[in-house]
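Scroll down for the structure; my scribbles are underneath it.
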Amino acid sequence: MALLKLKAIKKIYSQEKIEVAALRGIDLEINEGEFSTVFGPSGSGKTTLLNLIGCLDKPTSGKIYFEGNYIANFSKKDLAKIRRKNIGFVFQSYNLIPVLTAYENVEFAINIVDDISKDEIKDRVLRMLSLVGLKGLEDRKPNELSGGQKQRVAIARALVKKPKLVLADEPSANLDSKTSEDILEIMMKMNKELNTTFLFSTHDPLVMKHAERKIEIKDGMITKDERGEKVNVFS
Amino acid sequence: MFLVKLSLKNLMRHKKRTIITALIIAWAIFFYITFDSLLIGMNDMVFQNIIDYEYGHIQISNQTYWENKDELSLDNLITNDETINNKITEIDRYQNHAAQLNFQARLNDGVNETPVLGRGIRPEQTFDVLKYKDYIIKGEVFKMGEHKAIIGKRLSDIMNLDVGDYITLLTKTKNDTLNTIDAEISGVINTPNPNINQNLVFVPLDISQNALNLNNKVSHYIVRLDSQIFNQSIVNSFQKELGEINSNFGVYSWRNLDEVSITKAKQSGNVLILIIILTIAAIGIINIVILAALERMEEIGMMKALGLKEKEIVYTFVIESTGIGIIGGMFGIILGAISVYLFTKIGIDFGAFMDMDMTQYGIPIISKIYGGWNPKTFIYMFFFAVFGSMLASILPARWAAKKDPVKAIYRR
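Chains D and H, in that order, are what the protein sequence lines are. Following this note's numbering, the numbering of the first sequence begins with 1 at its first residue and continues without gaps. Following this note's numbering, the numbering of the second sequence begins with 236 at its first residue and continues without gaps.
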């Protein structure tokens, strides 16, 4: 079943009197458990597409369905509800809260989700930090972690609430190739173990190489959509 | 709870900034508390001045007379008899009392003439109720039946009069005929109350009653109690008792005087100072919230991406600002308490600033002003700081929380 369905999505930004079309009619379906990447040159509309899928923005026209629900006309409050429970984000610049420890940064994401006991929160946060290889570093603040470790915290934060979809906007852009490989491995592991759907935007050939589905976007249009086997180079 | 924890951690993110903003609030509170304390001290001094040198704690007169007491009419006076004198001694907390007769007069020294307030007194009574004894700076107090007078120092300076000089008081009797009181100046008085020094002439009560053809009439009684704490119930209960003798009698506390009302009205000026202070504190808070929001734009975007509601983001900023208000409020009341303690113990010596007798300018200050404690001000100011900080942060926090998440995340 399609987790996400986009039909004729257009996004036009108006800057003073100039209109810029970031997306010019996107049709796309993302299925549950997919490990997909959106790639293309800078300014092609990758981030805009991810923002629309992540319910952070609304399309100028077109229809978006999340788990079969038409969400393009949802209010800000309702979109926040969807993000709260179903969507995790990993940003290029990590966006961790500097005053919180690694544990607290991850705890933050799960704390705002309703109906979870304190013990369960603790278990899930510790397990997630362990899964991303940060066992023993729970009490460190972001300024005491390397770039790769910060991105691991960000991944743990995105996954701890067990979202249906994780959107990662160029997650390896600020990392060296070895760290990128590690991060990618973690995400593939999560995809496999938790059946979480992943969608990346990237320039990184390494990420593209291992994605199960590669969606190319140029000038706001999907120009290529290839499906293949998941390649696990780390095994 | 997690958002509270986050807010408290954010509070310490920029310690210097937090402390400086808290100190601005603390300074504002300290300033207000100190100012309020000095004002209370000054008011207490003014009130004490009124009690000690002019009115006593309670005055008793005919109600009609009291309503128009500034006219100094010789109508509606009270007969100074034993019944009322005995009754007055039954007042709760009674210490002593004195009968007085106020009248209009013109003081003539043979060359110059000036309008004055004549006051017939029994010196042994009046000097018990009012604290004049230590303020006779020249000469002595007259006795009943003597054609002598005591005048204020300011008046003696203006008229160039001294002890031993003769004066004439030109008055009108009850029957509207002219009469005079010839008297030798037996003493000069210089009290901390400028009204007494400026235009008052004391003469023996019997001399004034004879001159005004008033037999045994007096305009009012002044009563000193053994406590200055205002107790309306004493006034009310005595009014009731006195009403049984004569329903026209009125009992008036020093609190009912116009001068007291005016002094109280002046306190409304405090509100203006309070508004200025709160504005300063609010600007500090608004500034810090806007700065924090701009610095944390990406975090705000991330919070929104996580699904935090706008009101939850506002909440984190409001809690943080409230924390600053609490820190500032606590510092402020501690500094204020130290300041008030010093002012109540040591006082402030205005004489050191101004090497002159301020009473001649109508300012009832002899040397030092002491502060007064007002616990309510401490409580109010603390809550003003906390709630002021909280309220001041709401608008900038809402501005931050309403940021488009995409623009916030990518700082567009």
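Virtual Cβ for every residue (Gly too), placed ideally from N, Cα, C. All values reported here derive from a predicted model rather than from experimental measurement.
query: Counting along the chain, where does the beta strand (DSSP E) carrying arginine 213 of chain D start and finish?; result: 213 to 218
query: Which residues bound the beta strand (DSSP E) around glutamate 104 of chain D?; result: Run containing glutamate 104 of chain D: none in the beta strand (DSSP E); it sits in the alpha helix (DSSP H), 102 to 111.
query: CA-CA distance, glycine 220 of chain D and serine 44 of chain D?; result: 5 Å
query: What residue range does the beta strand (DSSP E) around phenylalanine 35 of chain D cover?; result: 35 to 39
query: Look up tyrosine 456 of chain H in the DSSP assignment and give the residues it is bridged to.; result: H:Ile295 and H:Ala334
query: List, in chain order, every chain D residue whose beta-carbon is nearer than 9 Å to that of phenylalanine 237 of chain H.; result: Glu104, Glu107, Phe108, Asn111 and Ile112
query: Quick one: what's proline 439 of chain H bridged to in DSSP?; result: H:Ile356
query: By how many angstroms is the C-alpha of histidine 292 of chain H removed from the C-alpha of tyrosine 487 of chain H?; result: 9 Å
query: Can you tell me the Cα-Cα spacing of valine 281 of chain H and serine 462 of chain H, whole angstroms?; result: 16 Å
query: Rounding to the nearest angstrom, what Cα-Cα distance links lysine 642 of chain H and glutamine 151 of chain D in this structure?; result: 21 Å
query: Return helix, strand or coil for lysine 322 of chain H, following the three-state DSSP convention.; result: helix
query: In the structure shown, what three-state DSSP assignment does lysine 373 of chain H receive?; result: strand
query: Mind checking who aspartate 123 of chain D pairs with in its DSSP beta bridge?; result: Answer is none; aspartate 123 of chain D lacks a bridge partner.
query: What residues from chain H crowd round arginine 84 of chain D, counting only those whose CB sits closer than 9 Å?; result: Leu541, Gly542, Leu543 and Lys544
query: Are the CB atoms of leucine 246 of chain H and glutamate 530 of chain H within a distance shorter than 8 Å?; result: no
query: Quick one, which residues of the region 12 to 41 of chain D are near chain H if we go by CB-CB under 9 Å, in chain order?; result: none
query: I want to see whether chain H comes within less than 8 Å of aspartate 57 of chain D, judged by CB atoms only; does it?; result: yes
query: Run down chain H in chain order and give the residues with a C-beta less than 9 Å from the C-beta of leucine 136 of chain D.; result: Before going further, note that residue 136 of chain D is glycine rather than leucine in the sequence given. Simply none; closest approach about 22 Å.
query: When the cut-off is 8 Å and only beta carbons count, does leucine 3 of chain D lie next to chain H?; result: no
query: With distances taken Cα to Cα, identify the nearest neighbour of phenylalanine 380 of chain H among H:Phe362, H:Arg341 and H:Ile416.; result: The sequence shown places glycine at residue 380 of chain H, not phenylalanine. The candidate whose alpha carbon is nearest that of glycine 380 of chain H is H:Ile416.
query: Can you tell me whether glycine 422 of chain H is helix, strand or coil according to DSSP?; result: strand
query: Please identify the residue among H:Gly355, H:Ser482 and H:Lys368 whose C-alpha is closest to the C-alpha of lysine 383 of chain H.; result: H:Gly355
query: How about leucine 492 of chain H: is its C-beta nearer than 8 Å to some C-beta of chain D?; result: no
query: Classify valine 270 of chain D as helix, strand or coil using the three-state DSSP reduction.; result: No statement about residue 270 of chain D is possible, as the shown extent of chain D runs from 1 to 235 and does not include it.
query: Could you spell out the range, first to last residue, of the alpha helix (DSSP H) harbouring aspartate 316 of chain H?; result: No alpha helix (DSSP H) contains aspartate 316 of chain H, which DSSP labels as neither H nor E.
query: Using only the alpha-carbon positions, how far apart do glycine 597 of chain H and phenylalanine 619 of chain H sit?; result: Residue confidence for glycine 597 of chain H is low, a pLDDT of 48 falling below 50, so the modelled location carries little weight and cannot support an answer.
query: With C-beta atoms as the reference, is methionine 188 of chain D less than 8 Å away from valine 160 of chain D?; result: no
query: Starting from aspartate 310 of chain H, trace the alpha helix (DSSP H) both ways and give me its first and last residue.; result: Where aspartate 310 of chain H is concerned, there is no enclosing alpha helix (DSSP H), given that its DSSP letter is neither H nor E.
query: Please report whether the beta-carbon of isoleucine 644 of chain H lies at a distance below 8 Å from any beta-carbon of chain D.; result: yes
query: Would lysine 388 of chain H and isoleucine 424 of chain H be called neighbours here (beta carbons separated by less than 8 Å)?; result: yes
query: For lysine 135 of chain D, which residues of its own chain have a beta-carbon under 7 Å away from its beta-carbon, when the five flanking residues on both sides are left out?; result: Leu129
query: Flag this pair as yes or no: are the beta carbons of serine 574 of chain H and phenylalanine 265 of chain H separated by less than 8 Å?; result: yes
query: Using a threshold of 8 Å, state whether the C-beta atoms of phenylalanine 473 of chain H and isoleucine 326 of chain H are closer than that.; result: yes
query: Just reading off the alpha helix (DSSP H) that arginine 252 of chain H is part of, what are its end residues?; result: 250 to 285
query: If you draw a straight line from the C-alpha of isoleucine 321 of chain H to the C-alpha of tryptophan 301 of chain H, how long is it?; result: First, the residue type needs correcting, since residue 321 of chain H is asparagine and not isoleucine in the sequence shown. In a straight line, the C-alpha of asparagine 321 of chain H is about 22 Å away from that of tryptophan 301 of chain H.
query: Work out the CA separation of glycine 623 of chain H and threonine 314 of chain H for me, nearest whole Å.; result: 59 Å
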